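K.L.:
Residue numbers (the numbering used here): 64 to 316.
By construction, the Cβ of each residue, glycine as well, lies at the ideal position given by its N, Cα and C atoms.
Remember, it's a predicted structure, so these values are computed and weren't measured experimentally.
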Ligand code: MF3
Ligand code: CO
Ligand code: CO
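1. By the 10 Å Cβ neighbour count, where 16 or more other Cβ atoms means buried, how is residue 257 classified, buried or exposed?
2. Could you pull the start and end residues of the alpha helix (DSSP H) that residue 108 belongs to?
3. Compute the Euclidean distance between the alpha carbons of residue 162 and residue 131, then round it to the nearest angstrom.
4. Here's the rule I'm using: 16 or more other beta-carbon atoms within 10 Å means buried, otherwise exposed. How should residue 307 be labelled?
5. Whose CB is closer than 6 Å to a heavy atom of ligand 2? List the residues in chain order.
6. How big is the Cα-Cα spacing for residue 260 and residue 149?
7. Going by Cα to Cα distance, which pick from 97, 266, 83 is closest to residue 309?
8. Please report the Cβ distance between residue 217 and residue 269, rounded to the nearest whole angstrom; I am assuming they are in contact, meaning their Cβ atoms lie under 8 Å.
9. At which residues does the beta strand (DSSP E) containing residue 247 begin and terminate?
10. Check the C-beta distance from residue 98 over to residue 178 and give it rounded, since I have them as a contact under 8 Å.
11. Can you find the residues in the same chain that come closer than 7 Å, C-beta to C-beta, to residue 103, ignoring five residues on each side of it along the sequence?
12. On the criterion of 16 or more Cβ atoms from any shown chain inside 10 Å, does residue 281 qualify as buried, or is it exposed?
13. Any contact of the region 190-201 with the region 296-303, i.e. 3+ C-beta pairs under 8 Å?
14. Enumerate in chain order the residues of its own chain whose CB-to-CB distance from residue 315 is below 8 Å, with the five nearest sequence positions on each side excluded.
15. Ligand 1 and residue 173: does any heavy atom of the ligand fall closer than 8 Å to the residue's C-beta?
16. Mapping DSSP to helix, strand and coil, what is residue 283?
17. At the level of alpha carbons, what is the spacing between residue 109 and residue 101?
18. Any heavy atom of ligand 1 inside 8 Å of the beta-carbon of residue 160?
19. Check whether the Cβ atoms of residue 271 and residue 191 lie closer than 9 Å to each other.
20. What does DSSP give as the partner residue(s) for residue 272 in the beta ladder?
21. Secondary structure at residue 220, three-state DSSP: helix, strand or coil?
22. Once DSSP output is grouped into helix, strand and coil, what is the label at residue 158?
23. Going by alpha carbons, who is nearest to residue 67 out of 120, 243, 117, 287?
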């Protein structure tokens, strides 16, 4: 396995700048999540806003991905492709995942948005997925934290709610590259038991399902859905391990 990079304060500053832009873009995109709005309209806004701030979408063209962002609704786990025919409706839970490159550095984050009034199970899922992300980040910030502590903490929370953790998609190191070492698992694991080092920068982005963890990819080659058709929710931040804990780099300013 290639070495996990330790970033300098200057590099982290660049990632924080990209991250702040991503956060501000996400908040504005979230305000557009109303019944009757198509996901292509939201994606066009994301592309325009990113360009206006001298940044570039990392997703557009990435392994042939055709849009600026991923917008994943209900049973879509991740990598939903924005589309004029995909129209938001009351009760939908929507993940918007944005990765922007500013001055050569990536910021990557996603949030869930609820359209109108959602079911109580949808609300519980969205809130639990957020808590899973927050606790995964908190665990990574503890002194002596190991990479697999993140997934172990997240799995415990999902289990308590009777939800499952998606195993097919993971978090990742990030910096000048979109997906750097290491792969960050969100489920219980012994995959990487090394210590997280000060200066490591990575994402925590658990996908939590109401039903079974299995996913499949649709014929468009991107859209990942739950195999059992159950609801899925995801939240993501880019974070840096620091000498006193952890810093979230994808916060608005
Ligand atoms: N933003 C996603 C992640 O969190 C990756 C999307 S890749 C794309 O890693 F090509 F689908 F956009
Ligand atoms: Co990511
Ligand atoms: Co992302």
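P.N.:
In brief:
1. exposed
2. 102-115
3. Inter-residue distance for residue 162 and residue 131 is about 8 Å (C-alpha atoms, whole angstroms).
4. exposed
5. 171, 235, 266, 268, 299
6. 42 Å
7. Comparing Cα positions, the closest option is 266.
8. 5 Å between Cβ atoms; contact.
9. 243-247
10. 6 Å
11. Answer for residue 103: 145, 146, 147, listed in chain order.
12. exposed
13. yes
14. 83, 86, 87, 90
15. Answer for residue 173: yes, Cβ within range of ligand 1.
16. coil
17. The C-alpha of residue 109 lies about 13 Å from the C-alpha of residue 101.
18. yes
19. yes
20. 227, 295
21. DSSP places residue 220 in helix when its eight states are reduced to three.
22. strand
23. The option with the nearest alpha carbon to residue 67 is 243.
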